[in-house]
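Notes follow once the structure below has been shown.
Residue numbers (the working numbering): 75 to 379.
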């Protein structure tokens, strides 16, 4: 059985992956998963003995999570792992449950400039056979991981063979994680995603931490600036009203200082796998990219809480 993990947060970063599985040798292939929305919505609690000083009110922090959502798209990396490495990532992702992804919802990442050069859309429509065929040819051009290439080819084949009634849209909410896969396709390939046990927005007691975001951006930028921009574009939950369980846009924010949900902790990282040296050297570049997409939320990022 070939196992693959879809990494959508810190697992995008090769240095972070190596901490958990130093034996990894396969190339992590940039991908887009349809039918999944990435959000700031997981919860990690910290050691109660560390709840003191100026951060005494902070009970933990809010890392990335995902939810099933029709029409959503989430970029990340596809990582081929063996049984031992899969077990190591299961331990790392405590608080998350591993779910299987419908292979037909997986697409290779293609750089925006390449699509513009080829006069192709960012997201192809299966209802247009020629457009879809052209995208497949371009998408497979630069795939480096042979095992991932097999996944992509099977994904394209499965979408082509779907009933016409399902070709009107790329995915639907019911099929993203609980697919009906043929015995042939399911017998030797499994693609997994970790979904958080809690689906709660960040708040003052469980903030978004910049040291964690920097690790994700480090991984994104190791692929390309275009990939990093797509990460920012397809991630929600940067700002919210913590009286509500529903994520809202950055503009629909409260002015109450108790609602701060994002802390710049580069000077004193809360994230266990933070790289302070990288954050200091690259913080300005990362902040500039964030400002392009989430300027309102960035203005309300705080250095202390």
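Don't be surprised by glycine CBs; every beta carbon is placed ideally from N, CA and C.
If you drop the 5 nearest sequence neighbours on each side, which residues of the same chain put their C-beta closer than 7 Å to that of residue 101? As a first step, residue 101 must be located in the chain shown, where it is residue number 27. The beta carbon of residue 101 sits closer than 7 Å to the beta carbons of 218, 219 from its chain, once the five residues preceding and following it are set aside; these are given in chain order.
Let me make sure I understand the geometry here. Which of 292, 268, 276 has the alpha-carbon closest to that of residue 78? Residue numbering aside, residue 78 sits at position 4 when the chain shown is read from its first letter. Here the closest residue by C-alpha is 268.
Are the beta-carbon atoms of residue 151 and residue 98 separated by less than 9 Å? Here residue 151 is taken as the residue at index 77 of the chain shown, counted from 1. Here residue 98 is taken as the residue at index 24 of the chain shown, counted from 1. Cβ atoms of residue 151 and residue 98: not closer than 9 Å.
In its own chain, which residues sit with a C-beta less than 7 Å from the C-beta of residue 185, not counting the 5 before and 5 after it? The sequence position of residue 185 within the chain shown is 111, counting from 1. Around residue 185: 298, 300.
Would you tell me roughly how many angstroms separate the C-alpha atoms of residue 372 and residue 179, rounded to the nearest one? As a first step, residue 372 must be located in the chain shown, where it is residue number 298. As a first step, residue 179 must be located in the chain shown, where it is residue number 105. About 32 Å.
Measure the Cβ-Cβ separation of residue 139 and residue 168 and say whether it is below 9 Å. Locating residue 139 in the chain shown gives position 65, where the first residue counts as 1. Locating residue 168 in the chain shown gives position 94, where the first residue counts as 1. No.
For residue 362, count neighbouring Cβ atoms within 10 angstroms of its own Cβ and tell me buried if that reaches 16, exposed if not. Taking the chain shown and counting its residues from 1, one reaches residue 362 at position 288. Classification for residue 362: exposed.
Alpha carbon of residue 223 to alpha carbon of residue 376, nearest angstrom: Looking up residue 223 in the chain shown gives position 149. Looking up residue 376 in the chain shown gives position 302. Taking the straight line from one Cα to the other gives about 43 Å.
Proximity of residue 283 and residue 166 at Cβ, strictly below 9 Å: Sequence index remark: in the chain shown, residue 283 carries index 209 (1-based). Sequence index remark: in the chain shown, residue 166 carries index 92 (1-based). Taking 9 Å as the Cβ cut-off, residue 283 and residue 166 do not qualify as a contacting pair.
Judging by CA-CA distance, which residue of 209, 80, 348 is the nearest neighbour of residue 189? Within the chain shown, numbered from 1, the residue matching residue 189 stands at position 115. Nearest option by C-alpha distance: 209.
Cutting at 8 Å between CB atoms, please list the residues of its own chain near residue 308, excluding the five before and the five after it. Position 234 of the chain shown, counting from 1, holds the residue named residue 308. The answer, listed in chain order, is 111, 112, 146, 147, 148, 149.
Residues of its chain near residue 319, where Cβ-Cβ distance is below 8 Å and the 5 sequence neighbours each way are ignored: As a working note, residue 319 is residue 245 in the chain shown. The predicted model places residue 319 with a pLDDT of 40, which falls under 50 and marks its position as unreliable; any figure quoted below should be read in that light. The answer, listed in chain order, is 274, 275.
Would you kindly report the start and end of the unbroken alpha helix (DSSP H) that includes residue 146? Residue 146 sits at position 72 when you count from the first residue of the chain shown. No alpha helix (DSSP H) holds residue 146; the beta strand (DSSP E) holding it covers 138-155.
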